[in-house]
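Undergrad: Those protein sequences? They're chains C and W, same order as listed.
Residues are numbered in the numbering used here as their position in the first sequence, beginning at 1, plus a constant of 33.
Residues are numbered in the numbering used here as their position in the second sequence, beginning at 1, plus a constant of 145.
Cβ coordinates follow ideal geometry from the N, Cα and C atoms, glycine included.
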Amino acid sequence: MRRVLLLSAVILTALILQTTVFSEVNLLGAKPELMYLLTICFAVLEGPSSGAITGFAGGMAQDFMLDAPKGITALTLTLLGYAIGMARQYIVSPSPVLPVLLVAGGTFAGIVFYGIVSFLLGQLSVGWLYLFRVALLSAVYNAILTPLVFPLLRRAAEGSRSRRVARW
Amino acid sequence: MALRTRARSTRLLVVALVSISLVTITVDYREGNEGPLASLGDAALAVISPLQEVVSKVTHPIGNFFSTLVRLPSIRHERDVLRERADALETQLAEGRADQARLAELEALFGLQESLGNRIETTAAQVIANGVSNFEWTITIDKGSSVGISVGMPVVSSAGLVGHVVRVGTSSSVVQLIIDPDSSVAGRLDVSRQTGLLSGSGPSDLQMSLVDPTVDVAPDEHVVTAGYRIAGVAESLYPPNILIGTVSRVLDEDSATEKLLTVRPAVDFSSLSLVLVVLSRDARG
Chain C
34 MRRVLLLSAV
44 ILTALILQTT
54 VFSEVNLLGA
64 KPELMYLLTI
74 CFAVLEGPSS
84 GAITGFAGGM
94 AQDFMLDAPK
104 GITALTLTLL
114 GYAIGMARQY
124 IVSPSPVLPV
134 LLVAGGTFAG
144 IVFYGIVSFL
154 LGQLSVGWLY
164 LFRVALLSAV
174 YNAILTPLVF
184 PLLRRAAEGS
194 RSRRVARW
Chain W
146 MALRTRARST
156 RLLVVALVSI
166 SLVTITVDYR
176 EGNEGPLASL
186 GDAALAVISP
196 LQEVVSKVTH
206 PIGNFFSTLV
216 RLPSIRHERD
226 VLRERADALE
236 TQLAEGRADQ
246 ARLAELEALF
256 GLQESLGNRI
266 ETTAAQVIAN
276 GVSNFEWTIT
286 IDKGSSVGIS
296 VGMPVVSSAG
306 LVGHVVRVGT
316 SSSVVQLIID
326 PDSSVAGRLD
336 VSRQTGLLSG
346 SGPSDLQMSL
356 VDPTVDVAPD
366 EHVVTAGYRI
376 AGVAESLYPP
386 NILIGTVSRV
396 LDEDSATEKL
406 LTVRPAVDFS
416 SLSLVLVVLS
426 RDARG
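1) Under the DSSP definition of a beta bridge, which residues are partnered with residue 352 (chain W)?
2) Using beta-carbon positions only, say whether residue 69 (chain C) and residue 110 (chain C) come within less than 8 Å of one another.
3) Taking Cβ-Cβ distances shorter than 7 Å, what residues in chain C pair up with residue 155 (chain W)?
4) Since residue 66 (chain C) contacts residue 140 (chain C) with CB under 8 Å, what's their CB separation in whole angstroms?
5) Could you please give me the residues that DSSP links to residue 332 (chain W) through a beta bridge?
6) Does DSSP put residue 304 (chain W) in a helix, a strand or coil?
7) So the alpha helix (DSSP H) residue 124 (chain C) belongs to, where does it begin and stop?
8) Output, in chain order, the set of chain W residues within a Cβ distance shorter than 7 Å of residue 41 (chain C).
9) What does the Cβ neighbour count give for residue 270 (chain W), buried or exposed, with the cut at 16 atoms within 10 Å?
10) Counting only beta-carbon separations shorter than 8 Å, does residue 200 (chain W) have a partner in chain C?
11) Find the nearest neighbour of residue 131 (chain W) within the set W:268, W:404, W:304, W:328, judged by alpha-carbon distance.
12) Using DSSP with H/G/I as helix, E/B as strand and the rest coil, what is residue 195 (chain W)?
13) Please list the terminal residues of the continuous alpha helix (DSSP H) segment that includes residue 51 (chain C).
14) Cα separation between residue 301 (chain W) and residue 114 (chain C)?
15) Measuring CA to CA, which of C:191, C:171, C:54 is closest to residue 136 (chain C)?
16) Return the residue from the list W:355, W:387, W:244 that minimises the CA-CA distance to residue 403 (chain W).
17) Quick one: what's got a C-beta closer than 6 Å to residue 391 (chain W)'s C-beta in the same chain, skipping five residues either side?
18) Given a threshold of 16 other Cβ atoms within 10 Å of its Cβ, counted over all protein chains shown, does residue 237 (chain W) qualify as buried or as exposed?
19) Cα separation between residue 415 (chain W) and residue 149 (chain W)?
20) Answer with yes or no whether the minimum CB distance from residue 338 (chain W) to chain C is below 8 Å.
21) Nearest-angstrom Cα distance between residue 149 (chain C) and residue 73 (chain C)?
22) Short check: CB of residue 160 (chain W) to CB of residue 268 (chain W), under 8 Å?
23) Check the C-beta distance from residue 325 (chain W) over to residue 345 (chain W) and give it rounded, since I have them as a contact under 8 Å.
24) Secondary structure at residue 161 (chain W), three-state DSSP: helix, strand or coil?
25) I think residue 191 (chain W) touches residue 314 (chain W), with their Cβ atoms under 8 Å apart; what is that distance to the nearest whole Å?
26) Cβ of residue 186 (chain W) less than 8 Å from any chain C Cβ?
27) Below 8 Å CB to CB, which residues in the same chain sit around residue 348 (chain W) once its five sequence neighbours on both sides are set aside?
28) As a quick exercise: from W:330, W:228, W:193, pick the residue whose alpha carbon is nearest that of residue 49 (chain C).
29) Anything in chain C within Cβ reach of residue 169 (chain W), meaning under 8 Å, just list it in chain order.
30) I'd like to know whether the C-beta of residue 235 (chain W) is nearer than 8 Å to at least one C-beta of chain C.
31) Taking Cβ-Cβ distances below 7 Å as the criterion, which residues of the stretch 341-359 of chain W are in contact with chain C?
32) Name the chain W residues whose beta carbon is nearer than 7 Å to that of residue 63 (chain C)?
33) Does the beta carbon of residue 173 (chain C) sit closer than 8 Å to a beta carbon anywhere in chain W?
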């Protein structure tokens, strides 16, 4: 229950920040994509299933604010959360730079994937060059935001984790 | 063993979520703007817009501060340019006054004032949020159907044409900007009186097509909306003679059957805060 509440609160906050504060932080024609950042952070912290759930819920929430066909962001972020969660299980490096790298790579791949799906649906109204530029810039902005957001989310996630005895 | 079942259930979960997403995409794609999913989206808009309004009131100055910091060098340059322009304009102003008096006379003569004047009913609205994604150029305003706004109404600001309403909630609406790639506006060059079609191309200048290639277009020529009206048959979305922008480039191609221009919008969309929604423009009234 606490997890559901936490997730809803985090997603709502991200959505509101994305449309108000970060819509004005528009550097070189792109802005950070908070939902991508959130999904990747949760996937790194909690594993593939949490990543997929966060991505799906956040993506759906963002889709309903858009005028484009709903569901594309949800699809992108579900797969992104799962993929990053799986990748995390095979990397043993405890380096603090790891989340930053995962966020940068994940955001780039996610936005390009979003663009491809939109293109297949005939919904991509911008050029490929612009798409790649936005993906690259958003990846950089998200990476810069990671050191601020990641510790916050880690604390929140640990606080809401149900007290459990070792599983195996 | 436990690990393996967990991995399997995760995979099952992902497959389920992906399927739901795909079904949503398909259903929404087929229904367009009328189905239950679209109304669910409008409901979400109604819920979130009061929150956006509060946050935007608090953070707007902060956001402004940071974007000003980032743009500081260009602002400095702009200041120098503006100073020069101010000097030049001051001399022009003196000449202009005489012309202006004559123009006012002419306007009264043709009744031009009447056609644009007080018969247009508008409502002022505050911009409370900008588009969610990097691929959408919209703004959200704090007025909706409760003051009579409906889909398709034109939105202007003091600088010029902004766009038109695409979604309406009770106390908020979403406006598609003219720079959105899905937007197109009929425009007229104000010196040569040629009409053309202006379509948005996101972050870069508007593209104006279908212009007669034999016409000479001066750089910096103004482009205004070309309202048309065939009584009882069709009416343009936007009222006539609203400033859209100025010609920034003429793309010369000798073989072309149409001239292509790029037009820099008159409105600075990144710093919009107050806009006017045109509620009615009953020219018969």
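TA: So, from the data block:
1) For the purposes of this step, residue 352 (chain W) is identified with residue 207 of the second sequence, where counting begins at 1. In the DSSP secondary-structure assignment, residue 352 (chain W) is bridged to W:344, W:407.
2) On the first sequence, residue 69 (chain C) is found 36 positions in, with the first residue counted as 1. On the first sequence, residue 110 (chain C) is found 77 positions in, with the first residue counted as 1. A contact, by the Cβ cut-off of 8 Å.
3) Taking the second sequence and counting its residues from 1, the one referred to as residue 155 (chain W) is at position 10. Per Cβ cutoff of 7 Å: 81, 82.
4) Here residue 66 (chain C) refers to the residue found at position 33 of the first sequence. Here residue 140 (chain C) refers to the residue found at position 107 of the first sequence. Yes, residue 66 (chain C) and residue 140 (chain C) are in contact; Cβ-Cβ is about 6 Å, under 8 Å.
5) Numbered from 1 along the second sequence, position 187 holds the residue referred to as residue 332 (chain W). Beta-bridge pairing links residue 332 (chain W) to W:341, W:370.
6) Position 159 of the second sequence, counted from the start, is the residue given in the question as residue 304 (chain W). DSSP, read as helix, strand or coil, puts residue 304 (chain W) in coil.
7) Here residue 124 (chain C) corresponds to residue number 91 of the first sequence, with the count starting at 1. Unbroken run through residue 124 (chain C): none, as it is neither H nor E.
8) Locating residue 41 (chain C) in the first sequence gives position 8, where the first residue counts as 1. Going along chain W, no residue has its Cβ under 7 Å from residue 41 (chain C), so there is no contact; the nearest lies around 12 Å.
9) Position 125 of the second sequence holds residue 270 (chain W). Buried, since its Cβ has 16 or more Cβ neighbours within 10 Å.
10) In the second sequence, the residue the question calls residue 200 (chain W) occupies position 55. For residue 200 (chain W), the answer is yes, since a Cβ of chain C falls inside 8 Å of its Cβ.
11) Missing from the structure shown is residue 131 (chain W); chain W here goes from 146 to 430 and no further.
12) Here residue 195 (chain W) is taken as the residue at index 50 of the second sequence, counted from 1. Residue 195 (chain W) falls in the helix class under three-state DSSP.
13) Residue 51 (chain C) sits at position 18 when you count from the first residue of the first sequence. First-last of the alpha helix (DSSP H) with residue 51 (chain C): 35-52.
14) Within the second sequence, residue 301 (chain W) is the residue found at index 156, counting from 1. Within the first sequence, residue 114 (chain C) is the residue found at index 81, counting from 1. Distance from the CA of residue 301 (chain W) to the CA of residue 114 (chain C), rounded to the nearest whole angstrom, comes to 41 Å.
15) The count along the first sequence starts at 1 and reaches residue 136 (chain C) at position 103. With distances taken between Cα atoms, residue 136 (chain C) lies closest to C:171.
16) Counting from 1 along the second sequence, the entry for residue 403 (chain W) is found at position 258. It is W:355.
17) Numbered from its first residue, the second sequence carries residue 391 (chain W) at position 246. Once the five neighbours on either side are set aside, the close Cβ partners of residue 391 (chain W) are 365, 367, 409.
18) For the purposes of this step, residue 237 (chain W) is taken as residue 92 along the second sequence, with counting starting at 1. With fewer than 16 other beta carbons inside 10 angstroms of its own, residue 237 (chain W) counts as exposed.
19) Position 270 of the second sequence holds residue 415 (chain W). Position 4 of the second sequence holds residue 149 (chain W). For residue 415 (chain W) and residue 149 (chain W), the distance between alpha carbons rounds to 51 Å.
20) Sequence index remark: in the second sequence, residue 338 (chain W) carries index 193 (1-based). Closer than 8 Å to the CB of residue 338 (chain W) there is not a single CB belonging to chain C.
21) For the purposes of this step, residue 149 (chain C) is identified with residue 116 of the first sequence, where counting begins at 1. For the purposes of this step, residue 73 (chain C) is identified with residue 40 of the first sequence, where counting begins at 1. Rounded to whole angstroms, residue 149 (chain C) to residue 73 (chain C) spans 20 Å at the Cα level.
22) Here residue 160 (chain W) refers to the residue found at position 15 of the second sequence. Here residue 268 (chain W) refers to the residue found at position 123 of the second sequence. Between residue 160 (chain W) and residue 268 (chain W), the CB-CB gap reaches or exceeds 8 Å.
23) For the purposes of this step, residue 325 (chain W) is identified with residue 180 of the second sequence, where counting begins at 1. For the purposes of this step, residue 345 (chain W) is identified with residue 200 of the second sequence, where counting begins at 1. Rounded, the Cβ-Cβ distance is 5 Å, consistent with contact.
24) Taking the second sequence and counting its residues from 1, one reaches residue 161 (chain W) at position 16. Assignment of residue 161 (chain W) by DSSP, reduced to helix, strand and coil, places it in the helix class.
25) Counting from one through the second sequence, the residue named residue 191 (chain W) turns up at place 46. Counting from one through the second sequence, the residue named residue 314 (chain W) turns up at place 169. With a Cβ gap of about 4 Å, residue 191 (chain W) and residue 314 (chain W) count as contacting.
26) Numbered from 1 along the second sequence, position 41 holds the residue referred to as residue 186 (chain W). Using a Cβ-Cβ cut-off of 8 Å, residue 186 (chain W) counts as an interface residue toward chain C, since at least one Cβ of chain C sits closer than that to its own.
27) Against the second sequence, residue 348 (chain W) aligns to sequence position 203. 324, listed in sequence order.
28) Sequence index remark: in the first sequence, residue 49 (chain C) carries index 16 (1-based). Residue W:193 is the option with its Cα nearest to residue 49 (chain C).
29) In the second sequence, counting from the first residue as 1, residue 169 (chain W) sits at position 24. Listed along chain C, the residues sitting closer than 8 Å to residue 169 (chain W) by beta-carbon distance are 93, 96, 103, 104, 107.
30) Residue 235 (chain W) sits at position 90 when you count from the first residue of the second sequence. Chain C, which has no Cβ nearer than 8 Å to the Cβ of residue 235 (chain W), makes this no.
31) Answer in chain order: 347, 348.
32) Position 30 of the first sequence, counting from 1, holds the residue named residue 63 (chain C). 279, listed in chain order.
33) Here residue 173 (chain C) refers to the residue found at position 140 of the first sequence. In terms of beta-carbon proximity, residue 173 (chain C) stays away from the interface with chain W, with every pair separated by 8 Å or more.
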